[in-house]
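Numbering (our numbering), first residue to last: 65 to 827. Below: one structure, written as structure tokens.
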Amino acid sequence: MPTRLVTRRTQFSSCDECRRSRVACDAQNNANNAEGDSSPQCTRCRNRNKACTFQWLQNVKTNTASGVRRKPRRRTVSRPASETSATHGGRTADASEGLDLYQARSPRADGDGCDSSSAPSVVPESVSQPWYTVTRSSIDGVTMNEADAKWLETIYREGFEAVFGSWMGKYSCPFLFGDTRAEKYVSISDLCRHLDGCIVDSGNSQLVRRSEQAEQSLQSTISAFAARWLPVTSLETDEDHCNLVRSLWRYARRDMLRVINRPCYRSMLSLFLFALTPIPEGISEDEEADGISGQACVHAALQQVQTLRARQKNLQFSGSKVSPSLRSETIVTTPESIESSGFINAESTVYWAALTFDTSASLTLNCRPLLSSGLFGFESELPWRLVRTCAKMFDENARQWKQASSNMTDEKANQIIAAGACWKLLGWKLTAVFKEALRDGHEEPEVRKAYFAVVDSIKQFGIIFRPPLDECHKRMPFLGQQTKLRWFSLMLHYHLSILMLVDMIEATDRQDLLPDITDISIDAENTIMNTLAFGLHNTFTLKRPHDDSLEGSKTAFTVPIVSIDPYPHHAVVGIQLLRKAIDRDFGLRKITEDTHQSLLLTLEDTLKHLPQSSKSVQAAIAKLSDPSDAVTLLGAGTQGRRLAFMWSSTGSDVHLVDSQEAQLHASIEAIDEFRSNSTNGNTSWGRIITHSLDTLQEALEASWLVVECVPERLELKQQVISQLDSLAPKDTIIASNSSSYSCSEILKGLDLKNESRFLSAHS
């Protein structure tokens, strides 16, 4: 049996003082050696002339006598099989009874549908955990039967923890790299529960109660996080599901204010998970602004990590509160947590998890990291130096694999993917540091140093990790579904950072930096597009936990991998950046119109498979299909083609309309020449779409603005304006590019439906 991440150490003879200080106690040995001594003292208390008390043990005995039972000690925690009734803390909850969703359930999810070879491991209960006490609370009337509650837990574990647990395992976490005792996949939720158990004094009823509240908050946050994937069990998303998602999100959001004030590892995870929970469709802008944000939750969680790792309760104060140093408030730990290596490894793993969120936030948001240094000092920090060392070790192992010509197994593929994920975080960190250098206006030497550090890390990824990852891709049909999900996530996340790098360079108008990464950015665009196609064409099967209430119902659901991706917001961002690149290439005639439409269709299909209850997903769908940024130009003469060039240089599509086919062809050639002579070679050009008068209506419906560029004859212009007024949608603006006639002259005598939308576009 493989050893676990956190090793066990059992000692029930510690006195109160030794237990509080987390040191070994020899009171029991002294009792055995001192005959007739009814009150043995440990050496530590005797040297300090203090009473050697065992009040904590008396409290445990008292609680046990009054009916609070300790859970049996186990070497491993197995996930119980789903049954019609589930027993929690001595109380039985019948499946037919409406189970409150936020009832503190057993933290273990059912194993149905899990890939046993690659499922996240569960940290053993090396101490009794009395906080899993069943309580009921009414939460805005939101109830869910037990089967659906377990289903949410299953979705969370098989999606998020399958990916994130790999990042925390011994092949990815640099603090555990190469440690044979560590697990390959670590359940972050169970690890947080274990660490909280190590610092909860079971004799302190107040701490136990706070621990119960932390567990309930974690369960409610997991439910809100996973609720977006409930439609995978149905062919359609109904209004009931949308209402449920909104209700769960609203409660979890309000609960975050309580979670912030209960520092513990489960509270930290709750805050992180809520930050990953998308704002549901149907939440108004006012409601969105009237509460805590995901970014604030990330920062609060990072502060909790610092507090939990500091341990000391020294004097602390602020303008709102002074917290004196009180001995009674010192964080206590169980004897099992004193064993150094296992506990330190567990805390280091959680620290790596927090560092992952910290780095991601510093890249995707305009904020500085809290757990790590920024532009100045990060290179000397231990985690990032360990990442580079681990990459060298992996490279040596990969060379040996290549020489041995060994086959690509599921085990080896997961090791490769996990090692690549470790380097991915360094790549995100370096990109965030470069973003900081640009954003804060540092000197040019610092900017270029940060820039070339990013470029070098990308090249190192291509040398060390890309070849074995490509080998994984070749063998993908024979690998497990969770391996496929992890590969999909890594390839999308890593190459997304490259597109974000290009985007921030363009946003700051540092065009001088782009030539160095032209090939890199093109490869990233190709890889993300291929990865999205991979996510659409490869499937993932989810199995609902067995329950008698589901008898005769479908329990296995097969969906595209992209549908169960635990980071759908990364796919949304990737799609938006890809759309920009696709339109650019089409505008430069690098791809045909058929190819352009095919690529856009892939992006649309991807968005349709993402959780539709997400407000961000719905906005992305609307943006992808919304033609409101397009412009129609009526007349393909000298002015028409110049205006078409101007509008397309902003990235907008241009519908060019003319009755003469030859005029349209001449305009296209002229526009191509304008673009080739343009000094801005990195412009994302919009498409030029030609129309005859027969398809004028189609062009008008796709545009927010139509400009007439017909010859300077008043009667002709009046005729055109009247026609446009009758055909164009009511919100479309109509403009004239006339240099000879004013608006009043053109509109004189015309009977228009909406004269107020007419304006002059000549400058």
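Note that the Cβ used here is the ideal one computed from N, Cα and C, for glycine as well.
Would you report the Cα separation of residue i and residue j, rounded to the nearest angstrom?
i    : j    : result
R330 : L337 : 10 angstroms
T696 : A825 : 13 angstroms
I785 : D573 : 40 angstroms
R719 : H601 : The sequence shown places His at residue 719, rather than the Arg named in the question. Roughly 34 angstroms separates the two Cα atoms.
R550 : D350 : 37 angstroms
E510 : A501 : 7 angstroms
Y805 : L778 : 7 angstroms
S384 : N325 : 14 angstroms
I347 : T341 : 13 angstroms
E668 : L688 : 7 angstroms
S767 : S716 : 10 angstroms
E535 : M593 : 18 angstroms
G505 : C431 : 15 angstroms
D722 : T666 : 32 angstroms
E303 : Q676 : 12 angstroms
S820 : A686 : 28 angstroms
K812 : Q783 : 12 angstroms
E737 : D567 : 26 angstroms
F822 : R322 : 55 angstroms
V623 : T285 : 24 angstroms
N743 : K466 : In the sequence as presented, Asn is not what sits at residue 743; that position holds Thr. C-alpha separation (whole angstroms): 47 angstroms.
T582 : A517 : 16 angstroms
G153 : N268 : Since pLDDT at G153 reaches only 35, below the 50 mark, its modelled position is unreliable, and the value read off the structure follows with that caveat. Taking the straight line joining both Cα atoms gives about 18 angstroms.
A726 : K679 : 46 angstroms
P579 : S585 : 10 angstroms
T656 : A763 : 20 angstroms
S190 : T591 : At S190, the pLDDT of 36 sits below 50, so the modelled position is not reliable; the number obtained from the coordinates is stated separately. So the two alpha carbons sit approximately 44 angstroms from each other.
A353 : S426 : 22 angstroms
E589 : R653 : 17 angstroms
Please state the DSSP three-state secondary structure of residue i.
i    : result
A552 : The sequence given here places Phe at residue 552; Ala does not occur at that position. In the structure shown, F552 sits in a helix (DSSP, three-state: H, G or I).
A700 : coil
S436 : coil
I263 : coil
K234 : coil
E657 : helix
H610 : coil
T605 : strand
P624 : strand
Q782 : helix
V637 : helix
D736 : helix
S824 : strand
V774 : coil
F381 : strand
A455 : helix
L663 : helix
A374 : helix
R83  : helix
A766 : coil
How many whole angstroms separate the CB atoms of residue i and residue j, which I take to be in contact at a CB cut-off of 8 angstroms?
i    : j    : result
L216 : A291 : 7 angstroms
L788 : I797 : That pair is no contact at about 10 angstroms.
A684 : I639 : 6 angstroms
G750 : W711 : 7 angstroms
T420 : W231 : 7 angstroms
L560 : V637 : 6 angstroms
L674 : P630 : Contact flag wrong, Cβ pair sits at about 12 angstroms.
V369 : L335 : The Cβ separation is near 10 angstroms, so there is no contact.
G233 : A482 : 6 angstroms
V414 : C256 : 7 angstroms
G418 : A365 : Per the sequence shown, the amino acid found at residue 418 is Ala instead of Gly. 7 angstroms between Cβ atoms; contact.
S800 : A485 : 58 angstroms between Cβ atoms; not a contact.
S829 : D422 : In the structure displayed, the chain extends from 65 to 827; residue 829 sits before or after that span and is not available.
K781 : V774 : 6 angstroms
M564 : T495 : 7 angstroms
(request) Let me know the beta strand (DSSP E) ranges lying completely inside the segment 738-764, each 3 residues or longer, listed in chain order. (result) 752-755
(request) Evaluate the contact criterion for the segment 301-317 versus the segment 641-655: three or more CB pairs, one atom per stretch, below 8 angstroms. (result) no
(request) Could you tell me which uninterrupted alpha helix (DSSP H) segments, each at least 4 residues in length, are contained entirely in the segment 273-359, listed from first to last along the chain? (result) 303-324, 329-340, 349-353
(request) Taking only runs that begin and end inside the segment 487-528, name each unbroken alpha helix (DSSP H) of 4 or more residues, in chain order. (result) 508-528
(request) Report yes or no: do the segment 514-530 and the segment 484-494 share at least 3 C-beta pairs separated by less than 8 angstroms? (result) yes
(request) Could you say if the segment 245-253 and the segment 456-467 meet the contact criterion of at least three C-beta pairs nearer than 8 angstroms? (result) no
(request) Please go through the segment 529-597 and give each complete alpha helix (DSSP H) segment of 4 or more residues, from N-terminal end onward. (result) 530-538, 545-571
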